[in-house]
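What follows is one structure encoded as structure tokens, with my remarks underneath.
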Amino acid sequence: MADGDARKINRDLMVTALETTWAPTPEKIKQTTPGYKIIEKLPSPRVTSTHIPEPFCPPQWFTKKAKIIYFVRNPKNVMVSSYSCLNSVLDPRLRSWDAFFEYFCGDHG
Numbered sequence: 112m113a114d115g116d117a118r119k120i121n122r123d124l125m126v127t128a129l130e131t132t133w134a135p136t137p138e139k140i141k142q143t144t145p146g147y148k149i150i151e152k153l154p155s156p157r158v159t160s161t162h163i164p165e166p167f168c169p170p171q172w173f174t175k176k177a178k179i180i181y182f183v184r185n186p187k188n189v190m191v192s193s194y195s196c197l198n199s200v201l202d203p204r205l206r207s208w209d210a211f212f213e214y215f216c217g218d219h220g
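What the sequence shown shows, in the numbering used here, is residues 112 to 220, in sequence order.
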């Protein structure tokens, strides 16, 4: 793909999330093409990125010869980043690091 040269990859296509449909207003959502339909029409091989959990991935990803790279962030880094990013909008009871830590690591299912 791109002769192995990452600088040649067209990254414009990578911002089209598979699970996302963008519309300027809620009324126009039905007139908008879902990301997966746009991706279907792209020539193979395709490069996409997504946040879809595995159970919701298209079955073709597992029955055809799809190559999947699975990235996982260090949970500690995710927690620190989330705390820093969300602290100003968190429920006041979760604004301390200890409270946020307990909530982040807790079972809320």
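Cβ atoms here follow ideal geometry from the backbone N, Cα and C, with glycine treated the same way.
Given the structure is predicted, the values throughout are model-derived calculations rather than measurements.
> Grouping DSSP H, G and I as helix and E and B as strand, with all else coil, what is L153?
Replying inline: Coil, per DSSP.
>> Which complete alpha helix (DSSP H) runs does the segment 144-194 hold, if anything under 4 residues is left out?
In response: 146-151, 171-174
>> Measuring only the C-alpha atoms, how far is L205 from S155?
In response: 46 Å
> When burial is assigned at 16 or more other CB atoms within 10 Å of the CB, is F211 buried or exposed?
Replying inline: buried
>> According to DSSP, is S207 part of a helix, a strand, or is it coil?
In response: coil
>> Quick test of your reading: T159 and I150, contact by CB under 8 Å. State the CB separation rounded to the nearest angstrom.
In response: 6 Å
> Taking the C-alpha atoms as reference points, what is the distance between E130 and P164?
Replying inline: Only weak support is given to the placement of E130: the predicted model assigns it a pLDDT of 48, under 50, and the question is left unresolved by the model.
>> Once DSSP output is grouped into helix, strand and coil, what is the label at L197?
In response: helix
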